[in-house]
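Remarks on the structure that follows.
Residue numbers (the working numbering): 393 to 665.
Shown next as C-alpha cells:
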C-alpha cells in the first residue's frame with residue numbers, strides 16, 4: 393500500500409508531462425496489447441471512464457475504437473490531463489476530469505472502465521479494483537493493465553545484497569489481481585507479460601523513471617554514496633532490466649432476464665389453483 397498523498401503523486405507526474413510519452417516503453421506495449429484485445433468486444437449502452445489517462449496513450453485507442461461513445465478521460469494530475477486533451481482530436485463526446493481513481497463511486501454507471509499503469513498508485517489497489525467493478529453497468533467491461541510485483545527484480549536483489557533501502561514503489565501481485573477478477577463475472581483475458589527494457593545501464597533506468605514521473609516514493613531517498621554503489625554493482629552485473637505487467641478484460645455479470653409466467657389457454661387450469 394502507498395502512503396503517498398494524491399497531491400504528491402500528481403505533482404510528480406505533472407512535472408513529467410512533456411517527457412512521458414518519449415520514454416513510456418512498457419506503457420506503450422501494454423496499451424497496444426490491451427487495445428488489440430478490446431477491439432472485438434461489445435459494450436452495453438453508457439459512457440466509458442478512463443482512470444489515469446496520462447498523456448493519452450490509451451485514450452486515443454479508446455476514442456478510435458468507440459468514436460461515438462461518451463469518453464471521460466480522468467487523471468489525478470491537471471498537467472497530465474491538459475496534455476491528454478491536447479493529444480486527442482476534438483470531439484463532443486470527450487470530457488476531461490481531474491479525478492482520484494480511489495474515489496470512484498461504487499454505483500453502476502459506466503459501460504467500461506479503462507486504466508493502464510495507474511491502479512498501482514492508489515493506496516489500496518485491490519479495494520479500488522473492486523470499486524471499479526461495482527461502478528460498471530451490468531455487462532460492462534473492465535479494461536486494465538497494471539505493472540506488477542515481478543518487475544525490476546535485479547534492483548530489489550541488489551538492494552538486499554548491498555543493504556541499501558529499496559526505493560521502488562510497491563506493486564500489486566499479478567496472481568492477486570487475477571484472483572479478484574476471477575471470483576465473479578467473466579475474465580475474458582488475463583495475461584502476465586515480461587518485457588526487457590532497452591536501457592544500457594542503471595542511471596539510464598533511473599533517468600527514465602524521472603522522465604515518466606514515476607519517482608514518487610514513501611521510502612527514504614538514497615544518499616549520493618548509496619546511489620553510486622547501487623549503480624556500480626548494477627552495471628557490473630550487466631543483467632537486463634525487466635518490467636512485468638498484468639493486463640486483462642473482465643466483464644460484469646449481466647442482469648438475468650425476467651421470465652414472465654406462461655398462461656394456460658385451457659380454462660380448466662383455473663380449477664387447479
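Backbone N, C-alpha and C fix where the C-beta goes; we use that ideal spot for every residue, glycine too.
Integer Cβ distance of residue 487 from residue 464, believed to fall under 8 Å: 5 Å
Residues bridged to residue 457 [DSSP beta-bridge criterion]: Residue 457 pairs with nothing; no bridge assigned.
Which listed residue (535, 544, 552 and 447) has its alpha carbon closest to that of residue 587: 544
Backbone secondary structure at residue 467 - three-state DSSP: strand
Under the three-state DSSP convention, the category residue 518 falls into: helix
Three-state secondary structure (DSSP) of residue 499: coil
With 16 other Cβ atoms within 10 Å as the buried cut-off, status of residue 469: buried
Beta-carbon contacts of residue 419 that lie in its chain and below 7 Å, excluding the five residues immediately before and after: 449, 508 and 509
Test item: CB-CB of residue 542 and residue 514 under 8 Å: no
Continuous alpha helix (DSSP H) stretch holding residue 406: start and end: 398-407
Range of the contiguous alpha helix (DSSP H) that encloses residue 547: 545-554
Top-ranked residue by Cα proximity to residue 511, from 524, 633, 503 and 502: 524
Length-filtered (4 minimum) alpha helix (DSSP H) runs lying within the region 568-619: 594-604
Backbone CA spacing between residue 447 and residue 576 [nearest angstrom]: 32 Å
Reduced DSSP secondary structure (H/G/I, E/B, other) of residue 529: strand
Outcome for residue 600 when other beta-carbon atoms lying within 10 angstroms are tallied against a minimum of 16: buried
Residue nearest to residue 410 in terms of C-alpha spacing, selected from 539, 436 and 478: 478
Residue environment, residue 489, which counts as buried when at least 16 other CB atoms sit within 10 Å: exposed
Element boundaries [beta strand (DSSP E), containing residue 426]: Premise fails: residue 426 lies in the alpha helix (DSSP H), 417-430, not in any beta strand (DSSP E).
Rounded C-alpha distance that separates residue 631 from residue 621: 16 Å
Residue 639 to residue 536 span [Cα, whole Å]: 6 Å
Nearest-angstrom Cβ-Cβ length linking residue 427 and residue 457, presumed shorter than 8 Å: 7 Å
Where residue 442 sits in the DSSP three-state scheme: strand
Closest Cα partner of residue 567 within the set 634, 491, 539 and 481: 539
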